[in-house]
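Scroll down for the structure; my scribbles are underneath it.
In full-length UniProt numbering, the protein residues as written are 1 to 245.
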């Protein structure tokens, strides 16, 4: 399109690479525009309407969009405000993220659970990440009392009947066992309330402590409780890919 912006300029402005490197990416067949491979260096695109992907991962062109990872501390509520005055994630955002009052939190964690929450003002991405049909996996580390038997993972993968229907995990592993406690890793794409706690309790192993470590391709890593960080371009691109955007 004659009145668009040169593709290599857009890639450079989005922080993907310098214009020279972006030109090489285009020539190497690594860039798609609206599902079509583009290898012509003079190509112009509409930044407001076109979907651009590099190596299959979507490039975010709108610099007003915000993508954050928060490590929610234990005892804090997963709400942007609380009419009873209880500590909530909105308190952290208000003090640390200026000018971004329209953030969605992706999923919830109960007050006793700590770990990863995603915050964004990208409504479509947030909706898809929370919708069960996209089956975005979430991983947790749970501390339970006692020694976990060898067959528990198989039982959880097969599914356990809860009061609101059957639930199962995608993956289960024992991480460590010390002093009458066992640390287990659970991955599932269920989004029902307190699902990890209810599943493990139904299996005979009530949770003593719970941390969410991953949502899809985004990991908590060594983030401290209460800290907020901006997601990297690759993480954002992988989130888009996970929900078909």
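By construction, the Cβ of each residue, glycine as well, lies at the ideal position given by its N, Cα and C atoms.
- In this structure, residue 129 lies away from residue 169, with their beta-carbon atoms at least 8 Å apart.
- When DSSP reads this structure, residue 104 sits in a beta bridge with 120.
- Between the segment 159–169 and the segment 208–218, the count of Cβ pairs shorter than 8 Å is below three; the stretches do not touch.
- Short of 6 Å from the beta carbon of residue 135, and not among the five residues preceding or following it, lie these beta carbons of its own chain, in chain order: 189.
- Within the segment 108–165, the beta strand (DSSP E) runs of at least 3 residues that lie entirely inside it are, in chain order, 114–120, 138–145 and 160–162.
- Boundaries of the beta strand (DSSP E) harbouring residue 54: 52–54, taken from the DSSP string.
- Annotation: the continuous alpha helix (DSSP H) that includes residue 7 extends over 7–13.
- Along the segment 189–223, the alpha helix (DSSP H) occurs as fully enclosed runs of 4 or more residues at 195–202, listed in sequence order.
- Distances from the CA of residue 202 to each of 87, 159, 175 and 230 were compared; the closest alpha carbon is that of 159.
- For residue 177, the three-state secondary structure derived from DSSP is strand.
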